[in-house]
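So the structure is just underneath, and the comments pick up after that.
Residue numbers (my numbering), protein chains in the order written: chain A, 1 to 80; chain B, 1 to 404.
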């Protein structure tokens, strides 16, 4: 598998934190099924992309990360 | 707009607030003013009245703090989260916290965050509003440096707060004499002065600063410029924007300054290159490029950069063909074709509009591409054209997009 660069790891961590804060993403820490978490995260990325009118891909592309890095309010966009 | 689950709201019209501490970034008087103006924004469109307390427990307690500050949502240093606030309820409910690690300012520069704008947003939460996904709404989650002079609450926010509290009480008949001075409110603790915020009563006598927005279905309605933007269609006239979006029903009414405060009103033309998430605005002999809210650095530029002769001092309309990557520019009775890939005008142009576009025998005020067809606007009519055959399909009123 291609090595995941340090930058990509950072972006992934940042995005996880963002989705936890604002889109009610809950990572199952001890989940054996890594892929399950990734699917769940992709679903939350889609929710965030749809909220901001971005192309809904589920992928952490540049535009999506840029939007996540914008200064903002600390209240969640989506609430459970 | 959105509200919190179960739509919590204040079950009274007189709501109190207290400023617990100040940021060293601003004069205290400027903080007081920013907070008062933010409350006034909401009181002017609802029956709510806000009273400032200087001691004791108020409904909305306002404070500046950094990092962990006693609730479960620690702040994160400069940038990122700027502030947060809690929906109406007792205790921490209604309270608004501002991250002291940010640089707070009363200006709308790019070196700090405008306290009035952030406070107006957070107080929206304190009153029960959640976030809005309408680009340009005050309750949109992302901070946008907007001109705060004569700031008007966007329609989506008015709809949201009035869904919770209704419109302001009927404004009293214009007084033939000044109202009696404001009696101190009975809730005022004896030892502390309070301030009853003056209600901005819209009166018939108040001259409107900008010409009134024309009615959506005025049969004589004409446009300066029209463009798509991230799946929406924006219609420009003077300082006004009509907004048609697949994300919400109806037509939203905004002003150019609520999106791009540093752009002067009165565009001549506008078009989007959606693959680049870029919109270009034209006014006189200059043009700007924006991506969402942000104006790209290095603009404005002279239109001659695109290859217009110096004799062309302004253009009338522009439209980008997403399929061919060509942009058509219209000026007077001529039009040009610009190749976005090579960034140059195509050979053999300009050509006369009448020689290629049957049925359009005059100037074009604005142009739009939608679902593969082109729409050319002239005065209060629009012409639907198949650009391949350049055949006129039908003629409609310019505002047919507003479900008139």
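Here a beta-carbon is modelled for each residue, glycine too, at the ideal position from N, C-alpha and C.
Report the rounded CA-to-CA distance for residue i versus residue j, giving the unit in angstroms.
i	j	result
residue 332 of chain B	residue 284 of chain B	13 Å
residue 88 of chain B	residue 5 of chain B	12 Å
residue 295 of chain B	residue 289 of chain B	6 Å
residue 106 of chain B	residue 41 of chain B	16 Å
residue 352 of chain B	residue 335 of chain B	6 Å
residue 160 of chain B	residue 371 of chain B	32 Å
residue 15 of chain A	residue 239 of chain B	38 Å
residue 286 of chain B	residue 276 of chain B	20 Å
residue 245 of chain B	residue 265 of chain B	22 Å
residue 380 of chain B	residue 390 of chain B	21 Å
residue 233 of chain B	residue 241 of chain B	10 Å
residue 17 of chain B	residue 39 of chain B	10 Å
residue 235 of chain B	residue 5 of chain A	44 Å
residue 130 of chain B	residue 301 of chain B	39 Å
residue 49 of chain B	residue 150 of chain B	21 Å
residue 393 of chain B	residue 401 of chain B	17 Å
residue 123 of chain B	residue 45 of chain A	28 Å
residue 162 of chain B	residue 125 of chain B	14 Å
residue 138 of chain B	residue 112 of chain B	18 Å
Just to confirm before moving on: does the CB-CB distance between residue i and residue j stay below 7 Å?
i	j	result
residue 22 of chain A	residue 76 of chain A	yes
residue 407 of chain B	residue 154 of chain B	The question about residue 407 of chain B has no answer, for chain B in this structure spans 1 to 404.
residue 66 of chain B	residue 75 of chain B	yes
residue 32 of chain B	residue 61 of chain B	no
residue 307 of chain B	residue 337 of chain B	no
residue 3 of chain B	residue 128 of chain B	yes
residue 158 of chain B	residue 366 of chain B	no
residue 319 of chain B	residue 369 of chain B	yes
residue 237 of chain B	residue 224 of chain B	yes
residue 271 of chain B	residue 263 of chain B	no
residue 102 of chain B	residue 47 of chain B	no
residue 321 of chain B	residue 330 of chain B	no
residue 396 of chain B	residue 293 of chain B	no
residue 52 of chain A	residue 67 of chain A	yes
residue 99 of chain B	residue 83 of chain B	yes
residue 256 of chain B	residue 119 of chain B	no
residue 221 of chain B	residue 9 of chain B	no
residue 374 of chain B	residue 360 of chain B	no
residue 261 of chain B	residue 73 of chain A	no
residue 23 of chain B	residue 104 of chain B	yes
Would you say residue i touches the ligand GTP, meaning its beta carbon is less than 6 Å from a heavy atom?
i	result
residue 261 of chain B	Of ligands this structure carries none, so the ligand GTP is not represented either.
Using a C-beta to C-beta distance shorter than 7 Å, which residues of chain A count as neighbours of residue i?
i	result
residue 296 of chain B	Correct list: empty, because the minimum Cβ distance to chain A is about 14 Å.
residue 231 of chain B	53
Could you tell me which chain A residues have their CB closer than 8 Å to the CB of residue i, listed as they occur along the chain?
i	result
residue 247 of chain B	53
residue 121 of chain B	73
residue 125 of chain B	73 and 75
residue 151 of chain B	Per Cβ cutoff of 8 Å: no residues; residue 151 of chain B is ~17 Å from chain A at best.
residue 22 of chain B	The contacting residues do not exist; residue 22 of chain B stays about 20 Å from chain A at best.
residue 113 of chain B	71
Please list, in chain order, the chain A residues whose beta carbon lies closer than 9 Å to that of residue i.
i	result
residue 133 of chain B	50, 51, 52, 53 and 77
residue 143 of chain B	70, 71, 72 and 73
Given a threshold of 16 other Cβ atoms within 10 Å of its Cβ, counted over all protein chains shown, does residue i qualify as buried or as exposed?
i	result
residue 386 of chain B	exposed
residue 132 of chain B	buried
residue 399 of chain B	buried
residue 298 of chain B	exposed
residue 249 of chain B	exposed
residue 77 of chain B	exposed
residue 252 of chain B	buried
residue 362 of chain B	exposed
residue 305 of chain B	exposed
residue 204 of chain B	Summary for residue 204 of chain B: the model assigns pLDDT 32, below 50, so the residue's position carries little reliability, and this model does not support an answer.
residue 9 of chain A	exposed
residue 20 of chain B	exposed
residue 27 of chain B	exposed
residue 358 of chain B	exposed
residue 136 of chain B	buried
residue 180 of chain B	Because the pLDDT of residue 180 of chain B is 28, which lies under 50, any placement of that residue in the model is unreliable, and the question is left without a value.
residue 313 of chain B	exposed
residue 62 of chain A	exposed
residue 11 of chain B	exposed
residue 39 of chain A	exposed
Below 7 Å on C-beta distance, what does residue i contact in chain B?
i	result
residue 13 of chain A	Result: empty, since nearest Cβ-Cβ is about 13 Å, beyond 7 Å.
residue 101 of chain A	Residue 101 of chain A lies beyond the range of chain A shown here (1 to 80); nothing can be said about it.
### Query
Can you give, in chain order, each stretch of the beta strand (DSSP E) that sits fully within the stretch 344–389 of chain B and has at least 3 residues?
Considered as a whole, the stretch 344–389 of chain B harbours 366–370, 373–378 and 381–386 as its complete beta strand (DSSP E) runs of no fewer than 3 residues, in chain order.
Check your understanding: Of all the alpha helix (DSSP H) runs that stay within the bounds of the stretch 227–260 of chain B, which reach a length of 4 or more residues?
Key -> 256–259
At 3 residues or longer, what runs of the beta strand (DSSP E) sit wholly inside the stretch 55–84 of chain B? Segments of the beta strand (DSSP E) lying fully in the stretch 55–84 of chain B: 60–65.
Which complete beta strand (DSSP E) runs does the stretch 297–331 of chain B hold, if anything under 3 residues is left out?
317–321 and 326–331
- Task: Quick one: which unbroken alpha helix (DSSP H) runs of 4-plus residues sit fully inside the stretch 103–153 of chain B? Chain order, please.
- Result: Secondary structure within the stretch 103–153 of chain B: the alpha helix (DSSP H) runs of 4 or more consecutive residues, fully enclosed, are 115–126 (chain order).
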